[in-house]
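Student: Going by my numbering, the residue at position 58 of the sequence shown is 58; the numbering climbs one at a time, nothing skipped.
Provided herewith is a single structure, encoded as structure tokens, for subsequent inquiry.
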Amino acid sequence: MKNTLKIIFLGIIGFAALVYFTMPENFNKNFEQNKALSIESIPKYFDIVGGNPYTKFEEIFKSNEEKFIIVLNHDALAVFKDLHTKIDKGIVLIANISNTPWLIKQIAVNGELEKMYKDSKIPLINDSDGIFVKNLGLNDNKQNKYFIYKLRLDGKIEKVKEDSVKEGALSKALTEEELEKDIKTILENLK
């Protein structure tokens with residue numbers, strides 16, 4: 001019995017150590033906030049949830065085409081999963097899961113994203129490495145925040161809105177009224 005408890009205890013310590021040592025580093029706080037964002041800020045390859053793991057830039061971002069780029073932190077992912085039922089053109093969603101430990105991403109997060117967004121017609125980019133977030137100069141990882149950017153015809157990217165959804169929206173179910181209120185606010189900013 002003692003040996004079994006030792007094995008369980010060591011297993012828990014080992015698992016905790018693995019999660020701790022695979023946690024991503026904090027974003028560079030010295031990012032130049034006044035840096036002009038443009039189409040060059042978008043990575044050339046990325047992972048589409050439920051699609052090709054090495055999608056080329058040109059498959060999603062076409063020249064002379066306006067798009068909204070929406071960066072979603074943890075809880076915002078729950079609200080935006082049904083956005084495709086209201087609007088589906090000219091939007092690209094970015095799942096900012098860069099602060100999640102590597103092991104948790106592999107075990108749970110990637111599969112959960114696929115399950116949540118399986119019916120969506122809006123492409124969802126899995127930003128597990130934080131490349132999009134770093135290139136856009138975001139260092140706010142509060143779990144209920146989202147950020148809307150507009151890629152203009154001239155290739156410039158401008159920030160349209162920074163907002164938040166109900167805290168705990170992913171773990172606790174939202175009421176229909178709360179969801180509709182959030183979707184209405186989002187749609188107002190996508191004009």
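Ideal placement from N, C-alpha and C gives every residue a C-beta, glycine not left out.
Starting from Leu72, follow the beta strand (DSSP E) in both directions and report where the run begins and ends.
Tutor: Segment Lys67 to Leu72, the beta strand (DSSP E) holding Leu72.
Student: Just how far apart, CA to CA, sit Leu192 and Asn3?
Tutor: Any question about residue 192 goes unanswered here, given that the chain covers just 1 to 191.
Student: Within the chosen definition, does the region 68 to 75 reach the region 138 to 148 through at least 3 CB pairs nearer than 8 Å?
Tutor: With a cut-off of 8 Å, the region 138 to 148 and the region 68 to 75 count as touching, because enough Cβ pairs lie within range.
Student: Return the CA-CA distance between Glu158 and Asp127, expressed in angstroms with no decimal places.
Tutor: C-alpha separation (whole angstroms): 20 Å.
Student: Would you check if the region 130 to 138 and the region 75 to 87 touch, i.e. whether three or more CB-CB distances between them fall below 8 Å?
Tutor: The answer is no - the region 130 to 138 does not touch the region 75 to 87, with fewer than three Cβ pairs under 8 Å.
Student: Between Val49 and the rest of its own chain, which residues show a CB-CB distance below 6 Å, the 5 nearest in sequence each way excluded?
Tutor: Excluding positions up to five away in sequence, the list reads Leu113, Glu114, Tyr117, Leu124 and Asn126.
Student: Taking Cβ to Cβ, would you say Asp82 is nearer than 9 Å to Leu190?
Tutor: No, these two residues do not count as a Cβ contact at 9 Å.
Student: Among Lys181, Gly137, Lys56 and Glu58, which one has its Cα closest to the Cα of Ala36?
Tutor: Out of Lys181, Gly137, Lys56 and Glu58, Gly137 has the C-alpha closest to the C-alpha of Ala36.
Student: Once DSSP output is grouped into helix, strand and coil, what is the label at Val160?
Tutor: In the structure shown, Val160 sits in a strand (DSSP, three-state: E or B).
Student: Select from Lys62, Val165, Lys44 and Asp119 the residue whose C-alpha is nearest the C-alpha of Arg152.
Tutor: Selected option, being the one with the closest Cα: Lys62.
Student: Figure out for me which residue from Ile94, Phe15 and Ser120 has the closest Cα to the Cα of Pro43.
Tutor: It is Ile94 whose Cα lies nearest to the Cα of Pro43.
Student: Going by DSSP, what residue range makes up the beta strand (DSSP E) through Ala76?
Tutor: Where Ala76 is concerned, there is no enclosing beta strand (DSSP E), although the alpha helix (DSSP H) it sits in stretches over Ala76 to Phe80.
Student: Can you tell me where the alpha helix (DSSP H) holding Ile97 begins and where it ends?
Tutor: First-last for Ile97: undefined, no H or E at that position.
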